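Enquirer:
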Amino acid sequence: MKIFTCKDRLEDIMTCIYDAWSEALRIGHDQIQLKKEPVFQQTIFDEYIHIDQDLSKAEKVIRSIRRDISDEAYLNIYLATLSAEEDALQAIYNFLRVGFKTGESVLQQYANPYVMRILELRRKVSNESHHFREFARFERLNSGNVYVSHLETKSDVIMLVGRHFADRMPSEHWMIIDDNRKTACVHSKDGENYLRYLTDEEFQTLRKTEDYEDEYTDMWKTFFHAIAIDERKNYVCQRNLFPLWKRKHAVEFKK
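With the working numbering applied, the sequence shown corresponds to residues 112 to 366, in that order.
Okay, here's the thing in C-alpha cells:
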C-alpha cells in the first residue's frame, strides 16, 4: 500500500490528490491511501510518500471537479478539507472516485457511503463554523481600535467565521486567531479578509491580548450574570448548548 501524506492546507491536499491519482492509474485505486500530516503512527509494510504543494496541479484538480462534477460538489469537498476528522482526506479521494464516474448527480446518491461521508463532513464543518460565529468574543487592544478574538476550533473554520464578521464589521480593524493552528484571519478597515500564518513570536504576543479588558468587557460580564435567574439555572442544558471546550475564550466565563 502506498500512503500519500501532505500538510493540512487546501493547495497541499489538492496536489496530494493529483499525485495519488496519477499513481493509482498505474497500480490501482485500492492500493492508494491518503492522510493529512502529522501521521503519528506509521505501519511497517506500507510506503509513505510526502507531497509538497504544487499550485499548477492543485488548480487542475479544482478545475476538473468543477467542470466534470459540479460547483456544488467542489463546495462539499472544500468544506471537507477543513475537517479535523482523521479520514477526511481519504473520504475526499473516495468521493472523487465516484464523482468522476457519475458526474453532477453524485450528490443525490444517498445510498453510497462515500457520498454520505462527504455530506457528513460538510455538515460537521458547517455546524462548527455556525457555532463559533455565535461564540466568538472580541476584545479591543489598548493601543487602538483593533479587535481580537481567540478561538480553538477542531476544524479549520476561522476563514468561514471571518466571512461572517466581514459582513457585520466591515469598517473595523479586527483579527480572529486560531490558537490551535497559529493562524489568523485578518481584516483591515473596509478591506478584504486574508489568512496569515503566525510566527511563534507573533503568536505569543497576540496571546497576551486576552489579558486586556475595557469597559465593554466589564459591561458584558455584568449583563451576563445580571440576567441569570437562579431558580432556572440548568448547567446540563447550558453545557449542551455551549460545550466546555468552546468556552475557553468566552469572557463571561472567565473568573
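Even glycine gets a Cβ: it sits at the ideal position worked out from N, Cα and C. Only a predicted model underlies this, so the values are computations on that prediction, with no experimental measurement involved.
Which residue or residues does DSSP assign as beta-bridge partners of R251?
Expert: Along the sequence shown, read from residue 1 onward, the residue named residue 251 stands at position 140. DSSP output for R251 lists Y258 as bridge partner(s).
Enquirer: Near R248, what residues of its chain come up, given a Cβ to Cβ distance below 7 angstroms and the 5 sequence neighbours on each side ignored?
Expert: If you number the sequence shown from 1, residue 248 lands on position 137. Result list for R248: S260, H360, A361 and V362, in chain order.
Enquirer: Taking its Cβ as the centre, do 16 or more other Cβ atoms sit within 10 Å of I340, making it buried, or is it exposed?
Expert: In the sequence shown, residue 340 corresponds to position 229, counting from 1. I340 comes out exposed.
Enquirer: Measuring only the C-alpha atoms, how far is Q349 from A277?
Expert: Locating residue 349 in the sequence shown gives position 238, where the first residue counts as 1. Locating residue 277 in the sequence shown gives position 166, where the first residue counts as 1. Straight-line Cα distance between these residues: approximately 29 angstroms.
Enquirer: Three or more beta-carbon pairs under 8 angstroms between the region 202-210 and the region 235-246, yes or no?
Expert: No contact exists between the region 202-210 and the region 235-246.
Enquirer: Using the Cβ count rule (16 or more neighbours within 10 Å means buried), how would you classify D267?
Expert: In the sequence shown, residue 267 corresponds to position 156, counting from 1. That one is buried.
Enquirer: Using a Cβ-Cβ cutoff of less than 7 angstroms, which residues in the same chain neighbour E215 once the five nearest sequence positions on both sides are dropped?
Expert: Numbered from 1 along the sequence shown, position 104 holds the residue referred to as residue 215. I180 and S181.
Enquirer: Express the C-alpha separation of E342 and L121 in angstroms, rounding to a whole number.
Expert: What you label residue 121 is simply residue 10 of the sequence shown in a count that begins at 1. What you label residue 342 is simply residue 231 of the sequence shown in a count that begins at 1. If you take the alpha carbons of L121 and E342, they lie about 49 angstroms apart.
Enquirer: Whole beta strand (DSSP E) runs in the region 123-152 with 3 or more residues, listed along the chain?
Expert: Runs found: 143-147.
Enquirer: Please list the segments of the alpha helix (DSSP H) lying wholly inside the region 171-252, counting only runs of 4 or more residues, in order along the chain.
Expert: You should have 182-192, 199-213 and 224-246.
Enquirer: Can you give me the C-alpha to C-alpha distance between Y221 and E231, rounded to a whole angstrom?
Expert: Start at 1 with the first residue of the sequence shown, and residue 221 comes out as number 110. Start at 1 with the first residue of the sequence shown, and residue 231 comes out as number 120. Rounded to whole angstroms, Y221 to E231 spans 11 angstroms at the Cα level.
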